[in-house]
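The next block holds one structure in the form of structure tokens; read it before the comments.
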Amino acid sequence: MPRITPRLALFAIVTGVTALSTFAMAPKPAKSATARVTTSFDADWRFLKGNAAGAALADFDDSSWRVLDVPHDWSIEGPFAKENPTGGGGGFLPSGVGWYRKQFKLPADAAGKRVFIEFDGVMQNSDVWINGQHLGDRPFGYVSFRYELTGKLNFGDQANVLAVRADTSDQPASRWYSGAGIYRHVRLVVTDPVHLDHWETFVTTPEILFVLGTPEPGGSATVRVQTRVVNQSETPRDVTLHVTLLDPAGKVVSTLETPAQSVAGNGAAMFQQETSLTNPFFWHLNHPHLYRAVVAVRSAGRTLDEETVAFGIRDARFQADTGFWLNGHNFKIKGVCLHHDASALGAAVPIRAWERRLEALRELGVNAIRTAHNPVAPEFLDLCDRMGFLVLDELFDCWTVAKNPHDYHKFFIEWSRTDIRDTVRRDRNHPSVIAWSAGNEIHDTPKAELAKKILSGLVDVFHQNDPTRPVTQGLFRPNVSKDYDNGLADLLDVVGQNYRENEILAAHEQKPTRKILGTENGHDRRMWLALRDNAPYAGQFLWSGIDYLGEAHPWPAIATPFGLLDRTGTPRTRAFERQSWWSEKPMVHATRRTGRDVLTPTDPGYEPDLRHRQILFSDWTPRNQQPHDETVEVYSNCESVELFLNGASLGAKPLRADAAPREWKVAYAAGTLKAVGLNEGKVVATHELRTAGPAAKIQLTTDRARLTPSWEDISYVTAVVVDANGVLVPEANDLVTFTSTGAGAIVAVDSGNNASSEPFQASERRAFQGRCFALVKAAKGAKSGPIVITASAAGLKPDSISLTVAGAKK
């Protein structure tokens, strides 16, 4: 579920000598405070790399420990090395043991409360201690979890020490970069002994009536709120459940209260409320309206606990004959697969970095994300809810058969059901999530009876914890393992398959009741046509949306160019071909083609000699400046495209029914190549390429000129090497040095070069194809003021840009 939002508080929690949070008193007319206090536990951890003996109880003031905030990924700090045991799968970045410790105090009046620590993700094989007492371990680094600290704490002036050990020593353990350490958020939660159970509030809309063809809002919806109240005291308590529904504008649209119900001491009780809303706002892609359910447990006129859950009113379904439907509208899922890292930021990613990336993908026409191949941070799903992206929420990359010697197969039997349960209950209130995936290219499937037994059990766990969404899986070579004949595929609510589009279409023809979805697909036009021209085929997820660290070979490659965007979020040239097929906005983009595409193999082998070969260029600056012919390929969804060279028309070409690009053979001449897109004879889109001269200067731009003093905020400052006329020099690889002054700092540098082992935590970066980046954050504790970023390089005129730090908007 979305993260809990506290409204009231009784006390402050102190870490070291600093008060982390003191929440405001309740707004009127409330006369009592809830017993729940949720405090960020991200600040002021101490970190030590290495397997330190007794670190859970070591001297807290030991100067060998580094003070930092989490989320923190220590592996991304490097260095890159061919000898690192993670190998190409892990991007040749380091692994090992990392210790984290945090000291905090609790007031004396918290002694009668229940206290919990919540982790959104620790990579991986984590163990947690409080005051030297072991709380538990979780091997899977992608899941969220909590421990209860009650009965093991000190109160008043005596401090507590929370310790976490994260161990990625056993390698290789992943096919891609996983990160290391406490790389997601941490919270301390203090509640009354009678409180809402963790991840138990579930908001559904079992009945929805649409009035298609009329302005929104319209129709009606039944909203059902279910939850579980636990009583961790010895005494029975009579409680009521109070539910307030708020519409997207924050207006109260319904207030519900159950009759009083007794909850036995050391017991629990289920509660359910239901109401009907008239003319609701529906959640959909263009208008992702979010409601909130404020759920409160009350007893004797006092609020004992309260949480706020965001949800959307929407009906998402797959049909065997027509594919995917959302709120009565039938359209194609145009998805991409995404790993959880963000290049220079590693696995600890501020949400603004993801927002920037999703904005770029949306511009290309992307409407869905597959979480390849594990659960993401909860705030990523919050972002998809707000932005209107569909999500295929995937759990596993392997079951009992390994893909790496030390991957999840070692823990699958013991932990898989628990990890599914926790993830589904955490994520099931997100309207963006439309389906669950039980696995990706699972190597158990050649053993049919074993695989069917496992899959049947997994599907049951998904359905037990969320009966409202279908379960799919990225089937791997299904005709080889006979998944369509031995019954395995039909254990899935929606049959998902990676690549081999003709085989999944044949499987549907063989059994027309099958609902089908491409769970991983290549960029080739033939794969798009398979989706476009077959109504039952609900959608596809491209491999991949964005380049990611790892799955790289040979050294010095640290990543692979599968993405529509490179690691910095910059669109690749081929991304514009996809935009011409997927975007509804008129667009045109001209390119130079220097060779033939290498088609995606039936079973991609990721051949290293093919992955780094570039044949498409978004420039008019070929290395050969002598007279010669260039192949110009133009991507556009416009009815007609006319091409001009230095103002002279080279002719117009119509939109092709087979979605192929428009192509011209052009006698090269330096100057300006311009593509003009027309609909009904009117110019609706243009794109220019200009010949670059010698590199002369650096130009700086930023995606975000105003930064807030929040860990989640970040600005990407782009340094472009240009000629005297401001044209990007595509061959430029100058070493650019960045400096910063003022109320912020450069936290990383980056480029799109997948073969560069330059460190990310640095002040300089070599330009790649004329670009490199500085990633800037506001200084911790900064309230306001400017940040000035300057970029310089030998022989080039430098440039500066000013950002502003200001408080977050309410």
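Numbering-wise, our numbering comes out as the position in the sequence shown, counting from 1, plus 1.
C-beta: ideal position from N, C-alpha, C; glycine also.
Just so it is clear, the structure is predicted and the values come from calculations on it, not from any experiment.
{"Asked": "Look at the alpha carbon of residue 284 and the alpha carbon of residue 356, and state the distance between them as a whole number of angstroms.", "Found": "19 Å"}
{"Asked": "By Cβ distance below 7 Å, which residues in the same chain neighbour residue 471 in space, the five residues on each side in sequence not counted?", "Found": "319, 436, 494, 495"}
{"Asked": "Does any CB atom of chain C fall closer than 8 Å to the CB of residue 547?", "Found": "Looking at the structure shown, chain C is missing, and only one protein chain is on hand."}
{"Asked": "For residue 42, name the three-state secondary structure that DSSP assigns.", "Found": "coil"}
{"Asked": "Here's a check: name, in chain order, each residue in its chain whose Cβ is nearer than 8 Å to the Cβ of residue 697, leaving out the five neighbours to either side.", "Found": "723, 724, 725, 797, 798"}
{"Asked": "Which first and last residues belong to the alpha helix (DSSP H) in which residue 417 is found?", "Found": "413–428"}
{"Asked": "Between residue 44 and residue 377, what straight-line distance do the alpha-carbon atoms span, to the nearest angstrom?", "Found": "22 Å"}
{"Asked": "If we call anything under 8 Å between Cβ atoms a contact, is residue 438 one with residue 492?", "Found": "no"}
{"Asked": "Which same chain residues, not among the five before or five after residue 774, have their C-beta less than 6 Å away from its C-beta?", "Found": "569, 717, 719, 751"}
{"Asked": "What span of residues does the beta strand (DSSP E) with residue 444 cover, start to end?", "Found": "Looking at the DSSP string, residue 444 is not in any beta strand (DSSP E), and its letter there is neither H nor E."}
{"Asked": "Under 8 Å between the Cβ atoms of residue 194 and residue 232?", "Found": "yes"}
{"Asked": "Straight-line CA distance for residue 453 to residue 446?", "Found": "8 Å"}
{"Asked": "Is the beta carbon of residue 257 sitting closer than 8 Å to the one on residue 295?", "Found": "no"}
{"Asked": "Quick one: any contact between the stretch 46–58 and the stretch 144–160, if contact means 3 or more CB pairs under 8 Å?", "Found": "no"}
{"Asked": "Mind checking whether residue 176 and residue 398 have CB atoms under 8 Å apart?", "Found": "yes"}
{"Asked": "State the DSSP-derived secondary structure class of residue 437, mapped to helix, strand or coil.", "Found": "strand"}
{"Asked": "Does the beta-carbon of residue 332 have 16 or more other beta-carbons within 10 angstroms, so that it is buried, or is it exposed?", "Found": "exposed"}
{"Asked": "Based on DSSP bridge pairs, tell me the residues matched to residue 238.", "Found": "264"}
{"Asked": "Please state whether the Cβ-Cβ distance between residue 100 and residue 70 is less than 8 Å.", "Found": "no"}
{"Asked": "Helix, strand or coil, according to DSSP, for residue 22 in the structure here?", "Found": "Since pLDDT at residue 22 reaches only 28, below the 50 mark, its modelled position is unreliable, and no value is offered."}
{"Asked": "Taking the CB atoms as reference points, tell me whether residue 372 and residue 350 lie closer together than 8 Å.", "Found": "no"}
{"Asked": "What residue range does the beta strand (DSSP E) around residue 712 cover?", "Found": "Segment: none, residue 712 is in no beta strand (DSSP E) and carries neither H nor E."}
{"Asked": "Could you give the first and the last residue of the continuous beta strand (DSSP E) run that contains residue 474?", "Found": "472–475"}
{"Asked": "In chain order, what residues of the same chain have a beta carbon less than 7 Å from the beta carbon of residue 806, not counting five sequence neighbours either side?", "Found": "708, 710, 744, 745, 779, 783, 785, 786, 788"}
{"Asked": "Do residue 386 and residue 329 count as a contact pair if the criterion is CB distance below 8 Å?", "Found": "no"}
{"Asked": "Taking 8 Å as the limit between beta carbons, can you name the residues of its chain near residue 713, skipping five residues before and five after?", "Found": "351, 352, 353, 380"}
{"Asked": "Would you identify the three-state DSSP class for residue 588, choosing helix, strand or coil?", "Found": "coil"}
{"Asked": "Determine the extent of the alpha helix (DSSP H) in which residue 464 is found, giving its start and end residues.", "Found": "449–466"}
{"Asked": "So, helix, strand or coil for residue 611, using DSSP?", "Found": "Residue placement at residue 611 is flagged as unreliable, the pLDDT there being 46, under the threshold of 50; the coordinate-derived value follows with that caveat. It is helical."}
{"Asked": "When you compare the CB positions of residue 261 and residue 230, do they come within less than 8 Å of one another, or not?", "Found": "no"}
{"Asked": "Should residue 89 and residue 590 be called a contact, given that it needs their Cβ atoms to be closer than 8 Å?", "Found": "no"}
{"Asked": "My output table needs one value for residue 503: the three-state DSSP class, helix, strand or coil.", "Found": "helix"}
{"Asked": "Taking the straight line between their C-alpha atoms, what separation do you get for residue 586 and residue 360?", "Found": "14 Å"}
{"Asked": "Quick one: using the 10 Å Cβ neighbour count with 16 as the cut-off for buried, is residue 274 buried or exposed?", "Found": "buried"}
{"Asked": "Taking residue 499 and residue 476 to be in contact with their CB atoms under 8 Å, please state how far apart those CB atoms are, rounded to whole angstroms.", "Found": "7 Å"}
{"Asked": "Using CA coordinates, which residue listed in 694, 705, 753 is at the minimum distance from residue 727?", "Found": "694"}
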